[in-house]
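In the numbering used here, the protein residues as written are 173 to 1133.
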């Protein structure tokens, strides 16, 4: 027994000695390569690589598999889904026994190391869904045994290397969703073993080389969302007999769909949508496995009776779940056989064609249908009651046809329905009360019909409704009190009916309402004060009714309101002048003979009151014509930016002596006029060194008779902070000089922005919340001084000491920017100065880490705030922007900078403490709860302290790395 124990101990010691020797002596190539890989990682939120240390053999490290025959040589490196950040070390090319490299779904950046071309044994290379930039290395062809190459969802540019055609064993090539341009090299046709080709969502042009269509092993062919043109070969189905998935949608292909496609009998997905295909669709009777047929947005069909005859051949496709034929030229009747195709069908779309006749009564056989889109055709007859059998239906759109008769009560059986659109037909009878059973209904659109009767109270009880449009019918009675149940309602349109009575006070409970159209009815009485709660309103039209009493002054506080039509009623008294009432281009009060006062542009009679008019800021007058000339006809060459509500152009005024920035509002976008009004109001009475200066506004008519609105600002020669922080994706040079942001400049800009917010929150005549602070909205002048811009979402606070209250619910959703908007806004809280403080905190963290809050690495509980908070103070070096300018001793030559970092950085205690201090400001400002955030004057004090610490002793200078 003792001898056995001694022998076991001896073997154990021998094994441990062997492990130690393999790590610290002998062949160290793979071990050193892995350590080099680890050293390049700057972010590891899961701590995956913490166990990569000497305590265990590297073959036992997470994600590592070693060879059985060669126990110290790595064959598999698999770190998928670990949210790792940083570049990939070129030393990976030393793992000469590597067969599989899996790095998908991380945040690896910079170029793909060309040293990977040394890996002669490599068979699988999957590095998709990262942030790799640069070109695909041409010497990847050195991986002569490669079977799988997956580079999709990165930021790769350049062209597809011709050398990829040398990978004779390649079976899968996926480079989709990158920025690759040029044409497809003919050499890819040499890949005779290729089974899957994915090159969609790039910037590829030209035609597809014919040799590729001769790679008979292909099962998957995805080239969608590029700019390919030309015709598909007529023999496509014969030369690619194994094809299962073909996706060519969103390109510029022309010609007809090859009739031979039916010979590719294994096809499951056929995606030819969004091209310029013409002619008849061939019969597809051999495609028994067909699951999806997508032909929408082409020019297929001739508007003739037999255009849809190919549908008869789809009865053999027993797995068909999606049929998309919309926006073509198909004519004729809807075939009765459509009721006999697969009961697996989920989506049926034949909208925007020239289809005649009625809906086949057997439509109820398709029991799994979730979507029916037949809008904008010439369909007639009654809506079949059989449609009520489709109890899985979620969307039904029959608008823009010629249906007549009643709306069948059986629609109440569609309990999963979220959208019902029957507008633009000739439907009669009443709105069925059975709709009340559709408890998931979000959008109900029955406008432009001939419906009669009253609005069912039961329908007004559908609390799920967001959009209700029953205008242009013959409805009578009143607006039911139950309207107040619709707490989520955003759009209400009941205009051009014969409704009467008063607007119910319960309407004030619809706190999310943005659009209210009740014009052209017989409503009367005064507007209830409860409407003052609807502070998120954007458009109100109550014209052509019999409303009376005074015009509500609470509308002047509706900062998002950009259209108010009160005309042709019986209002009386003084017209207010503040808020929307101060802009004659967005308000109408004509046809109310008892009104007086208001701004001069309304041309109403004087009220002979002793009140005074507030003096308006005198702007220089500019017309549409002058701005058109200043921008050379709004030339693309002068376009310097595009935002959510407008485009910004560089313009020259005063005969070439003054350069300005001109923001032209996109008035066809929802909220653009509201943004214009909010920005004018916010900027006209504030003035600060770090706020963008508005020179004038223009509200006019263009040459086509359309409304035109623009704001003219000082021109900021150095663009936005966004462009300087992320130069890889933006313009690098202005006036042939780099716009670099060293450490001191970043700190100064942060102080500039903090100063502006401190002024807005505490020192302007009325406290203002910006609501959309982000790098794009911080502009830099020629001295790199920061100016806060874009007040399109700004809000005024009446109380100068206003802070956020988690007990206050808001009537509006903040339309700020994802990643920068305070979390309490997403829960419906009122805007507050602490919301701006949160955005500023995120801005500071982004400035000093160069990571956007929307980076792919920030999900599953990880955020930019947590990323910085976890790293401080011990790991501050790992999260700061590696391109930051580092301080070195005065007089020390710049050649001492090594690998993008100052050698003195780690030993510079003072600099390190200063960076920790700044990042802590960002962390404090971006705390989740508003009560935990500082106010801006406290923030400003802390930033000035950091600057003093940086410059105070005069012994250090900032140099560029």
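Glycine included, each C-beta is placed from N, C-alpha and C at the ideal position.
Bear in mind the structure is a predicted one, so any value in this text is a computation, not a measurement.
The residues 511, in chain order, have a CB closer than 6 Å to that of residue 537 in the same chain once the five nearest residues on each side in sequence are set aside.
In the three-state reduction of the DSSP assignment, residue 493 falls in the coil class, being assigned neither a helical nor a strand state. Spanning the alpha carbons of residue 667 and residue 879 requires a straight line of approximately 23 Å. Positions of the alpha helix (DSSP H) runs, each at least 4 residues long and wholly inside the segment 198-247, are given as 201-211 in order along the chain. The beta carbons of residue 1093 and residue 1003 sit no closer together than 9 Å. DSSP places residue 888 in the coil class of the three-state scheme, outside both helix and strand. At a cut-off of 3 residues, the continuous stretches assigned as beta strand (DSSP E) that sit fully inside the segment 336-402 are 344-346, 368-370, 375-378, 392-394. If you ignore the 5 residues before and after residue 500, its C-beta comes within less than 6 Å of the C-beta of 470, 472, 473, 525, all in its own chain and listed in chain order. Rounded to the nearest angstrom, the gap between the Cα atoms of residue 661 and residue 676 is 15 Å.
Within the same chain, 947, 950 come within 6 Å of residue 893 by CB-CB distance, once the 5 residues on both sides are set aside. With respect to the C-alpha of residue 989, the residue from 817, 1111, 852, 889 having the closest C-alpha is 817.
The continuous stretches of beta strand (DSSP E) do not include residue 897, which lies in the alpha helix (DSSP H) extending over residues 893-897. Counting along the chain, residue 959 sits inside the beta strand (DSSP E) bounded by residues 958-960. Between residue 779 and the set 823, 671, 749, 422, the nearest pair of CA atoms involves 749.
For residue 1037, no beta strand (DSSP E) segment is defined; the enclosing uninterrupted segment is the alpha helix (DSSP H) at 1036-1043. Within its own chain, the residues whose Cβ lies closer than 7 Å to the Cβ of residue 561, once the five positions on either side in sequence are excluded, are 536, 539, listed in chain order. Secondary structure of residue 548 (DSSP, three-state): coil. Going by C-alpha positions, residue 1045 is about 17 Å away from residue 1097. In the assembly as shown, residue 1021 is a buried residue. Its beta-carbon has 16 or more other beta-carbons within 10 Å. In this structure, the beta-carbon distance from residue 466 to residue 502 does not fall below 9 Å. At the C-beta level, residue 960 and residue 942 come within 9 Å of one another. In the DSSP assignment, residue 922 falls within the unbroken alpha helix (DSSP H) covering 915-934. Residue environment for residue 464: buried (at least 16 other C-beta atoms within 10 angstroms of its C-beta). In the three-state reduction of the DSSP assignment, residue 417 falls in the strand class. Non-local C-beta neighbours of residue 740 in its own chain, meaning closer than 6 Å and more than five positions away in sequence, comprise 715, 716, 763, ordered along the chain. The bridge partners DSSP lists for residue 471 are 450. Note on geometry: alpha-carbon atoms of residue 274 and residue 200 lie some 22 Å from one another. Burial state of residue 332 is buried, judged by a 10 Å Cβ sphere holding 16 or more other Cβ atoms. For the pair residue 774 and residue 746, the CB atoms are not nearer than the 9 Å cut-off. Boundaries of the beta strand (DSSP E) harbouring residue 952: 950-952, taken from the DSSP string.
Sequence-distant Cβ neighbours of residue 326 in its own chain, meaning closer than 6 Å and more than five residues away, are 302, 304, 350. In terms of Cβ geometry, residue 354 and residue 324 do not form a close pair [threshold 9 Å].
When the beta-carbon positions are compared, residue 680 and residue 706 come within less than 9 Å of each other. If the five residues before and after residue 570 are omitted, its C-beta is found closer than 6 Å to the C-beta atoms of 546, 594, all from its own chain and listed in chain order.
For residue 802, the enclosing alpha helix (DSSP H) begins and ends at 796-802. Note on the segment 606-681: whole beta strand (DSSP E) runs with a minimum of 3 residues are 615-617, 639-641, 663-665, in chain order.
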